[in-house]
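Student:
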Amino acid sequence: MFNELEERQDFIVIKGRHKKAMKCDSHSVSGSVSQRACVYSGARVVLNPIADAVHLVHGPIGCAAYTWDIRGSLSSGSELYRRSFCTDLKERDIVFGGNERLAAAIDKLVQLYAPKLIFVYATCVVGVIGDDLEAVCKAASSKYGIDVIPVQSSGFMGNKAAGYRAACDALLKLIEPVNTDNIGKSRSINYLGDFNLAAETWIISNYFRSIGIEINAVLTGDSEYAKLKKTTDACLNIVQCAGSMNYLAHKLNDLYGMPYIDVSFLGIQDTSESLRKVAAFFNDDDIILKTEEMIKSQTAKANQAIERYKHHLCGKKAAIYVGGGFKAISLLKQFREIGIDVVMIGTQNGQPHEYDTLQELADEGVIIVDDANTSELEQFILEKGADILVGGVKERFLAYKLGVAFIDHNHNRKHPLSGYEGAVNFAKEVYSTVCSPVWKYALDQGGDSAR
Amino acid sequence: MRDVNQNPCNMCMPMGGIFAFKGVEGSMVIIHGSQGCSTYMRRHMAEHFNEPIDVASSSLNEKGTVYGGEANLKKGLDNVITLYQPRLIGVLTTCLAETIGEDIDRIASQYMEEKSLTDLNIIAASTPGYGGSHAEGYFRTARKIIESLTYKTEKHSKINIIVPIISPADIREIKRILNALDIEYVIFPDYSDTLDQPFARPYNKNPDGGTKLHDIASMAGAAATIQMGITVDDAISPGRYLEQQFGIPLYNLPIPIGVEATDRFIDTLVRITGCVVPDSLKQERGRLIDAMIDAHKHNFEARCTIFGDPENVYAVAKMCMENGIVPAVAATGSPSPKLGEALGDHPHICVLTESDFMQILEKSTEENVDFAIGGSDGKFLSDEGNIPLIRYGFPIHDRIGGQRLLSVGYTGTTLLLDRMTNTLLSIKYDNYRDKMRQRYLADMQR
Numbered sequence: 279m280f281n282e283l284e285e286r287q288d289f290i291v292i293k294g295r296h297k298k299a300m301k302c303d304s305h306s307v308s309g310s311v312s313q314r315a316c317v318y319s320g321a322r323v324v325l326n327p328i329a330d331a332v333h334l335v336h337g338p339i340g341c342a343a344y345t346w347d348i349r350g351s352l353s354s355g356s357e358l359y360r361r362s363f364c365t366d367l368k369e370r371d372i373v374f375g376g377n378e379r380l381a382a383a384i385d386k387l388v389q390l391y392a393p394k395l396i397f398v399y400a401t402c403v404v405g406v407i408g409d410d411l412e413a414v415c416k417a418a419s420s421k422y423g424i425d426v427i428p429v430q431s432s433g434f435m436g437n438k439a440a441g442y443r444a445a446c447d448a449l450l451k452l453i454e455p456v457n458t459d460n461i462g463k464s465r466s467i468n469y470l471g472d473f474n475l476a477a478e479t480w481i482i483s484n485y486f487r488s489i490g491i492e493i494n495a496v497l498t499g500d501s502e503y504a505k506l507k508k509t510t511d512a513c514l515n516i517v518q519c520a521g522s523m524n525y526l527a528h529k530l531n532d533l534y535g536m537p538y539i540d541v542s543f544l545g546i547q548d549t550s551e552s553l554r555k556v557a558a559f560f561n562d563d564d565i566i567l568k569t570e571e572m573i574k575s576q577t578a579k580a581n582q583a584i585e586r587y588k589h590h591l592c593g594k595k596a597a598i599y600v601g602g603g604f605k606a607i608s609l610l611k612q613f614r615e616i617g618i619d620v621v622m623i624g625t626q627n628g629q630p631h632e633y634d635t636l637q638e639l640a641d642e643g644v645i646i647v648d649d650a651n652t653s654e655l656e657q658f659i660l661e662k663g664a665d666i667l668v669g670g671v672k673e674r675f676l677a678y679k680l681g682v683a684f685i686d687h688n689h690n691r692k693h694p695l696s697g698y699e700g701a702v703n704f705a706k707e708v709y710s711t712v713c714s715p716v717w718k719y720a721l722d723q724g725g726d727s728a729r
Numbered sequence: 030m031r032d033v034n035q036n037p038c039n040m041c042m043p044m045g046g047i048f049a050f051k052g053v054e055g056s057m058v059i060i061h062g063s064q065g066c067s068t069y070m071r072r073h074m075a076e077h078f079n080e081p082i083d084v085a086s087s088s089l090n091e092k093g094t095v096y097g098g099e100a101n102l103k104k105g106l107d108n109v110i111t112l113y114q115p116r117l118i119g120v121l122t123t124c125l126a127e128t129i130g131e132d133i134d135r136i137a138s139q140y141m142e143e144k145s146l147t148d149l150n151i152i153a154a155s156t157p158g159y160g161g162s163h164a165e166g167y168f169r170t171a172r173k174i175i176e177s178l179t180y181k182t183e184k185h186s187k188i189n190i191i192v193p194i195i196s197p198a199d200i201r202e203i204k205r206i207l208n209a210l211d212i213e214y215v216i217f218p219d220y221s222d223t224l225d226q227p228f229a230r231p232y233n234k235n236p237d238g239g240t241k242l243h244d245i246a247s248m249a250g251a252a253a254t255i256q257m258g259i260t261v262d263d264a265i266s267p268g269r270y271l272e273q274q275f276g277i278p279l280y281n282l283p284i285p286i287g288v289e290a291t292d293r294f295i296d297t298l299v300r301i302t303g304c305v306v307p308d309s310l311k312q313e314r315g316r317l318i319d320a321m322i323d324a325h326k327h328n329f330e331a332r333c334t335i336f337g338d339p340e341n342v343y344a345v346a347k348m349c350m351e352n353g354i355v356p357a358v359a360a361t362g363s364p365s366p367k368l369g370e371a372l373g374d375h376p377h378i379c380v381l382t383e384s385d386f387m388q389i390l391e392k393s394t395e396e397n398v399d400f401a402i403g404g405s406d407g408k409f410l411s412d413e414g415n416i417p418l419i420r421y422g423f424p425i426h427d428r429i430g431g432q433r434l435l436s437v438g439y440t441g442t443t444l445l446l447d448r449m450t451n452t453l454l455s456i457k458y459d460n461y462r463d464k465m466r467q468r469y470l471a472d473m474q475r
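Protein chains in written order, with the numbering used here: chain A, 279 to 729; chain C, 30 to 475.
Encoded structure:
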């Protein structure tokens, strides 16, 4: 396979008979036009849905401007999380330090909103000019008797995955129980790695309620301070977005002996398997019976709805380029559920074990790529003749310009893709983009006639 | 200075720098900083323009931050050349690169020497995120491009046209007017094609269009410069540079939005070149006046908030006044002392600089405005203050077609005015029956 950048070769494999080692979770190659974001981005994604918290960005204005209310997370209560607060550092602050500006911003925000919880996000410069985030936050915390938690998310300190860990570290500080008597005592579960995009947390919570399992805390979709403070009461953690929350699940296990299981609610097959896994944990006949009944009726309903789209889609070819490996694995299965072959799979921040799984699941000849750049995406999509790409906002317009259909699997979408409803939405969206009449006109729009 | 910015009304300097470089033929941009900066800006622009936006990053990591990012940047330049074969590479700095003291001019020139590059230009612009808004970043970069590419050259009769951040449709409209006047010109930065590419197979990741490099060089010999930049500080003004360095007369004009500003633009061109205004343009002017008269009673004494880049805020505010609409609040996130001066003759306008949306909401509520006009972030004013928003400028994320919004010239003004009047009409008609019933019928039935 031809790739123009030598140092990118090791990040790409073609599925063959033997598994090949591939490079991942490494620095992006300078100048390659990577699709990745930064540490701050990863941390903000994970913590942002905490609805009644003040999210304060400590740095110059850009980071706060580009992340203001761009995500589809829903809240059942406070809307405070949808505001973008920033210390808006100027040249003078870079020279003389931003500690005082940060303290003043916290004072003001406490006065205006009386929050119980403030997250302070470090940006690139803060990591360089040596502001003492920990000390300022600690002082504010004791001054007001609230949680003021620093998030060590300076952009250059790694990639987005490092941001997930920074967010998890901040969460660990938040959920550290004052009273250890209640740890694991409740019969309820925590749901980790769902951000309530387009009501997805609510959809999954309803499933659990109907099979007799209560959700204790969700990290972090539609969550708030008081609920998160009781996180350690639950008897089990279930982990949806493994990329962002596996680390937290491990830590909660180490620190408080909380067991966890990986789940995925993307696609019919994964949703049903995940519900079964959780039900089995409780080892309760009533729960297991209710689970099987629900799976049966929901699967039948979803399959019937999907049937309408499926026969239009059989034999089409898909390319996947998403943030994490967990999502890519689920999408591979989900495309198969609607009769579509996957010809390229890539992720921004996949981990070695996830790429192992992808290599096992993928058909022969499939291209697997870590931290792809736009040139590679263009090359692979065309080379493999993909009819559809699934990805985020930046990838959408590349697909369209290549005359290829596109599925949005990003954080600002406004339609749920989780659970049985989500599986139907997914099939419908694939149908609506693959089978649109517009492509007919794009087919013979050559370069010369366009000018 | 306020203690905390609540909901930013501006972006950072390198964002404006990207716009300026996207207006140059065969250019590619690399942002010297951590990976996130370029990704965030690409995402912001992609959602507005509905286009792939390729911008590279030097992906500075911890090592580069501690020991200097020179090696990263040079590697990045290598890879950009391999992947894109650009004719010009724009290097933009970030908060991070500036704070660790990167000397990008030196790195760029050293790189050119090391590689003995003769058919490639590398232009480095300093755009620290803490140094100003995207609006300043745009002009500062545009000036740096001109400084780098111009040299003393033979005089010719072309006119330089320097535009601020407006829509691709607006740039195309300005070109149409210039063509109608039969004027030879260089328009810069011209991102009307690069950020609004027609669909064509095969896809070309180096989009056609942009001001040609030799045309930029020729700006040093032009008959005059018309710069749509009355709020632009001299230190970052490309037109002022051409005047001071090469003696090119500068006409600093507002964006041609509204009758007066469009007249001024065309009159200035007539004065410089002696061109004749064709009947077609006169007719367009007549249609605009006709539209203004048709709509005048709906618009009179309506009150609005205008927010965004200083240059656009000024132009739209003046256009509102021509129609009897009171621009009660004129706000920008930019420091822009010149916006206040320019609108200083109008004490009824509350001018807010270095503002944020919380302040804009408070003032707009206080001033009882009927609608607001500006980018998508103004949806906050609708959500929290029930103020209808007319989308104009950059960024527009939650609606399609920001790149096609036409607002300049007589025809563009007519379309912009219609958008305003129709907003007022929809408020009136949507509430008409309920309002009248409550006001009069309730009494009658009591």
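C-beta atoms are modelled at their ideal positions from N, C-alpha and C, and glycine is treated no differently.
1) On the criterion of 16 or more Cβ atoms from any shown chain inside 10 Å, does C/Val305 qualify as buried, or is it exposed?
2) For chain A, find out if any of its Cβ atoms is closer than 8 Å to the Cβ of C/His73; answer yes or no.
3) Beta carbon of A/Val426, beta carbon of A/Val404: below 8 Å?
4) Spell out whether any CB of chain A is found under 8 Å from the CB atom of C/Pro339.
5) Report the start-end ranges of each alpha helix (DSSP H) in the stretch 346-427 of chain A that is 4 residues or longer and not cut off at the edges.
6) With 16 other CB atoms within 10 Å as the buried threshold, where does A/Met279 fall?
7) Cβ of C/Phe409 within 8 Å of Cβ of C/Asn36?
8) For C/Gln64, which residues in chain A fall below 8 Å Cβ to Cβ?
9) Can you check whether the C-beta of A/Phe473 is within less than 8 Å of a C-beta belonging to chain C?
10) Rounded to whole angstroms, what's the CA-CA distance from C/Asn397 to C/Gly438? Just pull it up for me.
11) Taking the C-alpha atoms as reference points, what is the distance between C/Arg344 and C/Tyr159?
12) Suppose only complete runs of 4+ residues qualify. What are the alpha helix (DSSP H) ranges in the stretch 543-617 of chain A, listed by chain order?
13) Under a Cβ-count criterion, where at least 16 other Cβ atoms within 10 Å of its own Cβ denotes burial, should C/Asp399 be classed as buried or exposed?
14) Residue range of the beta strand (DSSP E) that C/Phe400 falls in?
15) May I have the straight-line CA-CA distance separating C/Cys333 from C/Ser393, to the nearest angstrom?
16) Indicate whether at least one CB of chain A lies closer than 8 Å to the CB of C/Asn36.
17) Identify whether C/Cys379 lies in helix, strand or coil by the three-state DSSP scheme.
18) If you count every other CB in all the chains shown that lies within 10 Å of the CB of C/Ser411, and 16 or more means buried, which is it?
19) Can you give me the C-alpha to C-alpha distance between A/Ser727 and C/Ile265, rounded to a whole angstrom?
20) Along the stretch 101-117 of chain C, where does the CB come closer than 9 Å to a CB of chain A? Name the residues.
21) For A/Asp410 versus A/Gln629, is the C-beta spacing smaller than 8 Å?
22) With three or more beta-carbon pairs closer than 8 Å as the criterion, would you say the stretch 53-66 of chain C touches the stretch 108-118 of chain C?
23) For A/Leu367, count neighbouring Cβ atoms within 10 angstroms of its own Cβ and tell me buried if that reaches 16, exposed if not.
24) If you scan the stretch 461-510 of chain A from start to end, which runs of the alpha helix (DSSP H) of 4 or more residues do you find wholly inside it?
25) Tell me, please, whether the CB atom of A/Lys718 is closer than 8 Å to any CB atom in chain C?
26) Would the beta-carbon of A/Tyr525 fall within 8 Å of that of A/Arg443?
27) For A/Thr361, which residues in the same chain have their Cβ closer than 6 Å to its Cβ, ignoring the five residues on either side in sequence?
28) Go through its chain and collect everything with a Cβ distance to C/Asn234's Cβ below 8 Å, but skip five positions before and after it.
29) Look up A/Ile539 in the DSSP assignment and give the residues it is bridged to.
30) Going residue by residue through the stretch 226-260 of chain C, where are the continuous beta strand (DSSP E) segments of at least 3 residues, counting only ones entirely within it?
31) Tell me, please, whether the stretch 357-370 of chain C touches the stretch 449-463 of chain C by the rule of three or more beta-carbon pairs shorter than 8 Å.
32) Anything in chain A within Cβ reach of C/Gly160, meaning under 9 Å, just list it in chain order.
33) Looking only at its chain, what residues have a beta carbon closer than 8 Å to the beta carbon of A/Ile573, apart from the 5 residues adjacent to it on each side?
34) Quick check on the burial criterion: 16 or more other C-beta atoms within 10 angstroms. Buried or exposed for A/Tyr599?
35) Between which residues of its own chain and C/Leu445 is the CB-CB distance below 6 Å, once the five residues before and five after are set aside?
36) Would you say C/Asp323 faces chain A, with C-beta separation under 8 Å as the test?
Tutor: Inspection of the coordinates gives the following:
1) Within the second sequence, numbered from 1, the residue matching residue 305 of chain C stands at position 276. Burial call: exposed.
2) As a working note, residue 73 of chain C is residue 44 in the second sequence. So yes, C/His73 belongs to the interface.
3) What you label residue 426 of chain A is simply residue 148 of the first sequence in a count that begins at 1. What you label residue 404 of chain A is simply residue 126 of the first sequence in a count that begins at 1. Contact flag unset, no.
4) For the purposes of this step, residue 339 of chain C is taken as residue 310 along the second sequence, with counting starting at 1. Output row for C/Pro339: interface = no.
5) 369-374, 377-391, 402-407 and 411-422
6) Translated into the one-based positions of the first sequence, residue 279 of chain A becomes position 1. Note that A/Met279 scores 47 on pLDDT, short of 50, meaning its location in the model is unreliable and no value can be drawn from it.
7) To locate residue 409 of chain C, count along the second sequence from 1; it is residue 380. To locate residue 36 of chain C, count along the second sequence from 1; it is residue 7. Their beta carbons are under 8 Å apart, which means C/Phe409 touches C/Asn36 by this criterion.
8) Indexing the second sequence from 1 puts residue 64 of chain C at position 35. Neighbours of C/Gln64 on chain A, chain order: Ser306, Ser312, Arg314, Ala315, Cys316, Gly433 and Asn437.
9) Sequence index remark: in the first sequence, residue 473 of chain A carries index 195 (1-based). It does not: the Cβ of A/Phe473 has no partner Cβ on chain C nearer than 8 Å.
10) In the second sequence, counting from the first residue as 1, residue 397 of chain C sits at position 368. In the second sequence, counting from the first residue as 1, residue 438 of chain C sits at position 409. Their backbone Cα atoms lie some 30 Å apart in a straight line.
11) The residue given as residue 344 of chain C occupies position 315 in the second sequence. The residue given as residue 159 of chain C occupies position 130 in the second sequence. Inspection of the sequence shows that residue 344 of chain C is occupied by Ala rather than by Arg. Taking the straight line joining both Cα atoms gives about 26 Å.
12) 546-560, 563-591 and 603-615
13) Reading the second sequence from its first residue, position 370 is the one you call residue 399 of chain C. That one is buried.
14) Stepping through the second sequence from its first residue, residue 400 of chain C is reached at position 371. Run containing C/Phe400: Phe400 to Gly403, per the beta strand (DSSP E) assignment.
15) Taking the first residue of the second sequence as 1, we reach residue 333 of chain C at position 304. Taking the first residue of the second sequence as 1, we reach residue 393 of chain C at position 364. Cα to Cα, the separation comes out at about 8 Å.
16) As a first step, residue 36 of chain C is located in the second sequence; it is residue number 7 there, counting from the start. C/Asn36 counts as touching chain A.
17) Here residue 379 of chain C corresponds to residue number 350 of the second sequence, with the count starting at 1. If DSSP states are grouped into helix, strand and coil, C/Cys379 belongs with the strands.
18) Your numbering for residue 411 of chain C matches position 382 in the second sequence. When all chains shown are included, C/Ser411 counts as exposed.
19) For this step, residue 727 of chain A is matched to residue 449 along the first sequence. For this step, residue 265 of chain C is matched to residue 236 along the second sequence. Summary for A/Ser727: the model assigns pLDDT 42, below 50, so the residue's position carries little reliability; its value from the coordinates is reported in the next sentence. If you take the alpha carbons of A/Ser727 and C/Ile265, they lie about 40 Å apart.
20) Asn101, Leu102, Lys103, Lys104, Gly105, Leu106, Asp107, Asn108, Val109, Ile110, Thr111, Leu112 and Tyr113
21) Counting from one through the first sequence, the residue named residue 410 of chain A turns up at place 132. Counting from one through the first sequence, the residue named residue 629 of chain A turns up at place 351. No, these two residues do not count as a Cβ contact at 8 Å.
22) yes
23) Residue 367 of chain A sits at position 89 when you count from the first residue of the first sequence. Label assigned to A/Leu367: buried.
24) 478-488 and 503-507
25) Counted from its first residue, the first sequence places residue 718 of chain A at position 440. Not an interface residue.
26) Locating residue 525 of chain A in the first sequence gives position 247, where the first residue counts as 1. Locating residue 443 of chain A in the first sequence gives position 165, where the first residue counts as 1. Going by C-beta atoms, A/Tyr525 is nearer than 8 Å to A/Arg443.
27) The residue you call residue 361 of chain A lines up with position 83 of the first sequence. As written in the sequence, residue 361 of chain A is Arg, which differs from the Thr given in the question. There are no such residues.
28) Within the second sequence, numbered from 1, the residue matching residue 234 of chain C stands at position 205. Just to set this straight, residue 234 of chain C is Lys in the shown sequence, not Asn. The residues are Pro81, Asp83 and Tyr113.
29) The count along the first sequence starts at 1 and reaches residue 539 of chain A at position 261. According to DSSP, A/Ile539 bridges with A/Ile516.
30) 253-257
31) no
32) Sequence index remark: in the second sequence, residue 160 of chain C carries index 131 (1-based). Residues of chain A passing the Cβ test: Pro338, Lys368 and Glu369.
33) Along the first sequence, one-based indexing puts residue 573 of chain A at 295. Excluding positions up to five away in sequence, the list reads Ser550, Leu553 and Arg554.
34) Here residue 599 of chain A is taken as the residue at index 321 of the first sequence, counted from 1. Per the 10 Å Cβ criterion, buried.
35) Sequence index remark: in the second sequence, residue 445 of chain C carries index 416 (1-based). Answer for C/Leu445: Ser436, listed in chain order.
36) Here residue 323 of chain C refers to the residue found at position 294 when the second sequence is read from its first residue. No, C/Asp323 does not count as interfacial toward chain A.
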